[in-house]
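**Student:** The end of the sequence shown is residue 916 by this note's numbering, with every number in the run present. Here a beta-carbon is modelled for each residue, glycine too, at the ideal position from N, C-alpha and C.
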Amino acid sequence: MIVARTVDGVRAALADRRGGTVALVPTMGALHGGHRALVRAARGACDTVVLSLFLNPSQFGDPADLNGYPRDEAADLDAAGAAGVDLVFAPTTDEMYPPGYQTWVEVTELGRMLEGEFRPGHFRGVATVCLKLFTIVRPDVVVFGQKDAQQVAVLRRLIADLHLELELLAVPTVRDPDGLALSSRNARLTPAERRRALALPRALATRDPDEARALLEEAGLDVDYVAIPPFHPPTIAAAVRAGSTRLIDNIPLETEVSR
Ligand code: PAF
Numbered sequence: 658m659i660v661a662r663t664v665d666g667v668r669a670a671l672a673d674r675r676g677g678t679v680a681l682v683p684t685m686g687a688l689h690g691g692h693r694a695l696v697r698a699a700r701g702a703c704d705t706v707v708l709s710l711f712l713n714p715s716q717f718g719d720p721a722d723l724n725g726y727p728r729d730e731a732a733d734l735d736a737a738g739a740a741g742v743d744l745v746f747a748p749t750t751d752e753m754y755p756p757g758y759q760t761w762v763e764v765t766e767l768g769r770m771l772e773g774e775f776r777p778g779h780f781r782g783v784a785t786v787c788l789k790l791f792t793i794v795r796p797d798v799v800v801f802g803q804k805d806a807q808q809v810a811v812l813r814r815l816i817a818d819l820h821l822e823l824e825l826l827a828v829p830t831v832r833d834p835d836g837l838a839l840s841s842r843n844a845r846l847t848p849a850e851r852r853r854a855l856a857l858p859r860a861l862a863t864r865d866p867d868e869a870r871a872l873l874e875e876a877g878l879d880v881d882y883v884a885i886p887p888f889h890p891p892t893i894a895a896a897v898r899a900g901s902t903r904l905i906d907n908i909p910l911e912t913e914v915s916r
């Protein structure tokens, strides 16, 4: 597996692979089983699999959230190698946002609802870094988790609006046996918070925002929103806080989920 730290390094490493197809799996590290599912989907779709490891500061409004994000590059490189990634792009912040950087992309409507309301500027950071990664890697296919349903909706809009020649593959959410969606943030939950957090998938399984909100509040979770936003496929989505940890989850409305 090749590890490139610079834009030039990625382009050089991919130069002789352009005859085949390239998939990109963008991540911020802290790789888990959900990321492994993304790599598997990428591997199934393309000849070359590139995984980016970049903790993107521009999508974090709250410095405490950024500073508390788990970082272990050595473990992430091991996990990427074991998952069969061909090339890891792990740039520094300066490589992605050099001094003087001032270009930003915004998906206005989809980027401002739900997560965008509670985390202003979040999707501006996501859209900008993803467009940069797409331009650097020039993938045929980009792979994202359906767990971040709004991110998928925002990026599909960006790809359509900017006429980008790439396909977005959304991979179904991977869950622990108890139903909790895999997330790098789960590591921050105390055992008691994790037990309370299990109300999140159960509440979404009602497919009813009012019923779901009542269940979440009953479980002692602080609810930021429960909604059926204008995403395709139709989805019920929620964000809650268990102690200081913020969790999001969603289920496509046509999916069978046990309650
Ligand atoms: O989903 C994530 O991990 C991030 O939002 C992404 C897509 C890697 C952009 O930084």
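Using C-beta distances below 8 angstroms, list every residue in its chain close to residue 659, excluding the 5 sequence neighbours before and after it, in chain order.
**Tutor:** 670, 743, 744, 745
**Student:** Heavy atom of the ligand PAF less than 7 angstroms from the Cβ of residue 843, yes or no?
**Tutor:** no
**Student:** For the segment 699 to 717 against the segment 861 to 879, do three or more pairs of beta-carbon atoms, one drawn from each stretch, fall closer than 8 angstroms, so that the two count as touching?
**Tutor:** Touching, no, given that fewer than three Cβ pairs across the two stretches are closer than 8 angstroms.
**Student:** Specify whether the segment 670 to 681 and the segment 718 to 725 touch according to this definition: at least 3 beta carbon pairs, one from each stretch, less than 8 angstroms apart.
**Tutor:** no
**Student:** What separation, rounded to the nearest whole angstrom, lies between the Cα atoms of residue 897 and residue 850?
**Tutor:** 11 angstroms
**Student:** Find out if the Cβ-Cβ distance for the pair residue 827, residue 857 is shorter than 8 angstroms.
**Tutor:** One thing to note: residue 827 has its Cβ no nearer than 8 angstroms to the Cβ of residue 857.
**Student:** Assuming residue 823 contacts residue 800 (C-beta within less than 8 angstroms), just tell me the rounded distance between them.
**Tutor:** About 11 angstroms; that fails the 8 angstroms criterion.
**Student:** What residue range is occupied by the uninterrupted beta strand (DSSP E) comprising residue 903?
**Tutor:** 902 to 909
**Student:** Contact between the segment 686 to 704 and the segment 763 to 782 is defined here as three or more beta-carbon pairs at a separation below 8 angstroms; is this criterion met?
**Tutor:** no
**Student:** For the ligand PAF, I want to know if residue 759 counts as a neighbour, meaning its beta carbon is within less than 7 angstroms of at least one of the ligand's heavy atoms.
**Tutor:** no
**Student:** Just confirm the distance between the C-beta atoms of residue 837 and residue 855, as a whole number of angstroms; I'd bet it's less than 8 angstroms.
**Tutor:** Going by Cβ atoms, the distance from residue 837 to residue 855 rounds to 6 angstroms, so yes, they are a contact pair.
**Student:** With C-beta atoms as the reference, is residue 753 less than 8 angstroms away from residue 804?
**Tutor:** No. Outside cutoff.
**Student:** Enumerate in chain order the residues of its own chain whose CB-to-CB distance from residue 664 is below 7 angstroms, with the five nearest sequence positions on each side excluded.
**Tutor:** 752, 793
**Student:** Does DSSP put residue 840 in a helix, in a strand, or in coil?
**Tutor:** coil
**Student:** Residue 916: buried (16+ other C-beta within 10 angstroms of its C-beta) or exposed?
**Tutor:** Unreliable placement is indicated for residue 916, whose pLDDT of 48 sits below 50; the coordinate value is still reported in the next sentence. Exposed, by the Cβ-count rule.
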